[in-house]
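Per the working numbering, residue 10 is the first one in the sequence shown, and the count goes up by one each step. No residue lacks a Cβ here, since even glycine has one placed at the ideal position from N, Cα and C. Everything below concerns the one structure shown next.
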Amino acid sequence: MDIKGNIYRNNRLISVPHLLIPILLIFFFNGCSEERATGTNIEELNPTGMVIGHTGCKSHLLTADDSLTPSNLDCIEYEYTPGSVLLLKHINAAFNCCPTEVLADITIENGTITVVEREDLSGGGCACLCLFDVDYRIENLSPGEYRLVVVELYVYEGDEKLEFTIDLGSPENSTSREGKHEFISKSAASQVGSYCVERDHYPWGQ
Numbered sequence: 010m011d012i013k014g015n016i017y018r019n020n021r022l023i024s025v026p027h028l029l030i031p032i033l034l035i036f037f038f039n040g041c042s043e044e045r046a047t048g049t050n051i052e053e054l055n056p057t058g059m060v061i062g063h064t065g066c067k068s069h070l071l072t073a074d075d076s077l078t079p080s081n082l083d084c085i086e087y088e089y090t091p092g093s094v095l096l097l098k099h100i101n102a103a104f105n106c107c108p109t110e111v112l113a114d115i116t117i118e119n120g121t122i123t124v125v126e127r128e129d130l131s132g133g134g135c136a137c138l139c140l141f142d143v144d145y146r147i148e149n150l151s152p153g154e155y156r157l158v159v160v161e162l163y164v165y166e167g168d169e170k171l172e173f174t175i176d177l178g179s180p181e182n183s184t185s186r187e188g189k190h191e192f193i194s195k196s197a198a199s200q201v202g203s204y205c206v207e208r209d210h211y212p213w214g215q
C-alpha cells in the first residue's frame, strides 16, 4: 500500500508542473500582447511634425502679384482639426535661393511647439537668399494652449521673433491676441489663424 501510495503521489507531483506550463505560457503571451498594444497606443499619442512641401523661390513673384502676402511680412498660417492635426504654413520664409532640400526639426515639449528651420546645401547652393512658403504637418496634437516658436535661418539679432500663443482648445474658448498682424477664426470643424511680423532687411521687402 505504501509503495502504491508513493507512486500515486509521485505521479500527482509530476503531473502538476505539466499542467502549469501551458497556463504560464498563456499568461506570458497575453502579457506580451498587452505590452505591445500599450506601446503602440502610447506611440500613436506622441505628436510628430514634418515638412510636407514648399514652393520654389517666389521673390520674383511678389512684386507682380498683389494677391500674395507682401514681401516685408514674415507669417505663419495655421489650421487645426480638434484632437487631430495642426497644419502650419510659413509664408515668406527665408532660405538659400537653391537649397537641395528644405528641412526642419519640430519638437513639442512643455506646451511649446518649436520649429527649427534648416536647409541642405549639399548641392552647392547659390550666392543669394530667397523667400519660400513652407508647409508643415503636426499629427496627434492634443487640444490646448501652445507657444509656437519658429527659429529662422536668416533673421538678425534684435529682429522680432516669429513666435506667438495659439489656443487649440474648444471653439468657444477665448484666444489671446498678440501683435499687429493676427487673424483668428474658430468653428466646430476647425480653427484657423495667422500671425505676422515685419522684416525690413534682405531678403524681405525686396
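Query raised in the report: Based on the DSSP output, what are the partners of Asp142 in its beta bridges?
Result: Counting from 1 along the sequence shown, the entry for residue 142 is found at position 133. In DSSP, Asp142 forms no bridge with anything.
Item to complete: May I ask you to list the residues that DSSP assigns as paired with Asn105?
Response: As a working note, residue 105 is residue 96 in the sequence shown. In the DSSP assignment, Asn105 forms a beta bridge with Leu138.
Check: Closest to Val111 by CA distance: which of Val124, Asn119, Ile117 is it?
Finding: Position 102 of the sequence shown, counted from the first residue, corresponds to residue 111. Out of Val124, Asn119, Ile117, Val124 has the C-alpha closest to the C-alpha of Val111.
Rank Ile117, Leu157, Asn149, Pro56 by C-alpha distance to the C-alpha of Lys98 and give the top, closest one.
In the sequence shown, counting from the first residue as 1, residue 98 sits at position 89. With distances taken between Cα atoms, Lys98 lies closest to Leu157.
Checking the sheet assignment: what are the DSSP bridge partners for Gln215? Counted from its first residue, the sequence shown places residue 215 at position 206. Looking at the DSSP assignment, Gln215 forms no beta bridge with any residue, so it has no partner.
- State the CB to CB distance for the pair Leu150 and Pro56, rounded to an integer number of angstroms; the pair is presumed to be in contact (CB under 8 angstroms). If you number the sequence shown from 1, residue 150 lands on position 141. If you number the sequence shown from 1, residue 56 lands on position 47. The pair is a contact, with the Cβ atoms about 5 angstroms apart (cut-off 8 angstroms).
Worksheet item: Looking at Val60 and the ligand FAD, is the gap between the Cβ and the nearest heavy atom below 7 angstroms?
Response: With respect to small molecules bound, the structure shown includes none, and the ligand FAD cannot be examined in it.
Three-state secondary structure (DSSP) at Ser42?
What you label residue 42 is simply residue 33 of the sequence shown in a count that begins at 1. Low local confidence applies: a pLDDT of 47 at Ser42 is under 50, so the model's placement there is unreliable, with the coordinate-based value given in what follows. In the structure shown, Ser42 sits in a helix (DSSP, three-state: H, G or I).
Subject >> Candidates Ser80, Val60, Glu128, Glu191, of which the one nearest Asn105 by Cα >> reply: Stepping through the sequence shown from its first residue, residue 105 is reached at position 96. The shortest C-alpha separation from Asn105 is found at Glu128.
- Message: Assess contact between the stretch 130-147 and the stretch 166-180, defined as three or more Cβ pairs (one per stretch) separated by less than 8 angstroms. Is contact present?
- Response: Too few Cβ pairs lie closer than 8 angstroms, so no.
Worksheet item: When DSSP labels each residue in this structure, what does Ser68 get in the three-state scheme?
Response: Stepping through the sequence shown from its first residue, residue 68 is reached at position 59. Three-state result, Ser68: helix.
Query raised in the report: DSSP on Lys98, reduced to helix/strand/coil?
Result: As a position in the sequence shown, residue 98 is number 89, starting the count at 1. Lys98 carries a strand assignment under DSSP once its states are collapsed to helix, strand and coil.
Review point. Checking contacts by CB at 8 angstroms: is Glu88 closer than that to chain B?
Key: You won't find chain B in this structure, because it holds only one protein chain.
(Q) Tell me the residue span of the beta strand (DSSP E) that contains Ser203. (A) Residue mapping note: residue 203 aligns to position 194 of the sequence shown, counting from 1. Where Ser203 is concerned, the enclosing beta strand (DSSP E) stretches over 200-207.
- Could you please give me the residues that DSSP links to Glu6 through a beta bridge? The structure shown has nothing for residue 6, since the chain only spans 10 to 215.
Checklist entry - Within 10 angstroms of its Cβ, does Ser68 collect 16 or more other Cβ (buried), or is it exposed? => result Taking the sequence shown and counting its residues from 1, the one referred to as residue 68 is at position 59. Flag for Ser68 reads buried.
- Ends of the beta strand (DSSP E) at Thr121? Against the sequence shown, residue 121 aligns to sequence position 112. According to the DSSP assignment, Thr121 belongs to the beta strand (DSSP E) that extends over 121-129.
#### Entry: Neighbourhood of Thr78 by C-beta distance below 7 angstroms, restricted to the same chain and skipping five residues each side
Position 69 of the sequence shown, counting from 1, holds the residue named residue 78. The beta carbon of Thr78 sits closer than 7 angstroms to the beta carbons of Cys84, Ile100, Asn101 from its chain, once the five residues preceding and following it are set aside; these are given in chain order.
Boundaries of the beta strand (DSSP E) in which Thr174 is found, first to last residue:
Here residue 174 refers to the residue found at position 165 of the sequence shown. That run of the beta strand (DSSP E) goes 171-176.
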